[in-house]
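Counting from 60, one number per residue, gives the positions in the sequence shown under our numbering. Report on the structure given below.
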Amino acid sequence: MLSLRGRLIDLLRHGDVEGGSRLRGNCDDPLSARGWSQLRAATAGLDEPQLVVSSPLQRCAAFARELAATRGLELVLEPALAERHFGDWEGCSASELPADELWRLWDDPLGFTPPGGEPMRDFLARTGAAWRSLCERGGPDTLVVTHGGVIRAILAEVLEMPPRAMILLEVAHAGRSRIRVPPSPGRPSLVTHRGP
Numbered sequence: 060m061l062s063l064r065g066r067l068i069d070l071l072r073h074g075d076v077e078g079g080s081r082l083r084g085n086c087d088d089p090l091s092a093r094g095w096s097q098l099r100a101a102t103a104g105l106d107e108p109q110l111v112v113s114s115p116l117q118r119c120a121a122f123a124r125e126l127a128a129t130r131g132l133e134l135v136l137e138p139a140l141a142e143r144h145f146g147d148w149e150g151c152s153a154s155e156l157p158a159d160e161l162w163r164l165w166d167d168p169l170g171f172t173p174p175g176g177e178p179m180r181d182f183l184a185r186t187g188a189a190w191r192s193l194c195e196r197g198g199p200d201t202l203v204v205t206h207g208g209v210i211r212a213i214l215a216e217v218l219e220m221p222p223r224a225m226i227l228l229e230v231a232h233a234g235r236s237r238i239r240v241p242p243s244p245g246r247p248s249l250v251t252h253r254g255p
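Spelled out as structure tokens, the structure:
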């Protein structure tokens, strides 16, 4: 039964990834040793969720599997919570990209799409539908292990922010954002947003 406080959904960004800072998108790079340590530390004192939902990409799913197995929790892999696909820019560092086009990506996220990439409108529609489904189906307190872009998109929806403002939300590796989802007709609210 849903309590008056509603449910808590924690959004956890994956930890540091092998290969350093890049636009990974759908590149399936593994966590670094530091990334594993960051995530274990970030969840050590976490109130016990009853469900873990994760992006299927291994930088999220590998840790989610370990956590679920260790704590005896149900794990659901949700493809709609994968990072935005950056097309020809996948795997590139910022210094390897044309500066004027990179600026356009941040300045006009709805109007500019990296060559061969997923349009921002499609990304927001995909992640928004996954978020609303998670909220609407109810259930227990949940930990969602996902990506920086996905967390920004969800927070932007909860806070009713325009897409251009999303980039202003810093989401650190192993950072966690807690959202309270109250019983209907209440609306989700951001409780905390912090780094590791």
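Here a beta-carbon is modelled for each residue, glycine too, at the ideal position from N, C-alpha and C. Since the structure is predicted, the reported quantities are computational estimates derived from the model, not experimental observations.
DSSP state of D181 mapped onto helix, strand, coil: helix
Continuous beta strand (DSSP E) stretch holding R69: start and end: Looking at the sequence provided, one finds Asp at residue 69 rather than Arg. First-last of the beta strand (DSSP E) with D69: 66-72.
Boundaries (first-last residue) of the alpha helix (DSSP H) holding E133: First-last for E133: 133-136, but that is the beta strand (DSSP E), not the alpha helix (DSSP H).
Nearest neighbour of A139, chosen from P174, L98, A188 [CA to CA]: Distances from the CA of A139 to each of P174, L98, A188 were compared; the closest alpha carbon is that of A188.
Assigned secondary structure, C194 (DSSP; H/G/I helix, E/B strand, else coil): Here C194 sits in helix by DSSP.
Where V230 sits in the DSSP three-state scheme: coil
Other residues of its chain near P173: CB distance less than 7 Å, five sequence neighbours each side excluded: F145, G146, D147, W148, L164
Outcome for L169 when other beta-carbon atoms lying within 10 angstroms are tallied against a minimum of 16: exposed
Coil, strand or helix - L164 by DSSP: Here L164 carries a helix assignment [DSSP, helix/strand/coil].
E249 vs L214 beta-carbon contact at 9 Å: Note that residue 249 corresponds to Leu in the displayed sequence, not to Glu. Contact: yes.
Assigned secondary structure, L214 (DSSP; H/G/I helix, E/B strand, else coil): helix
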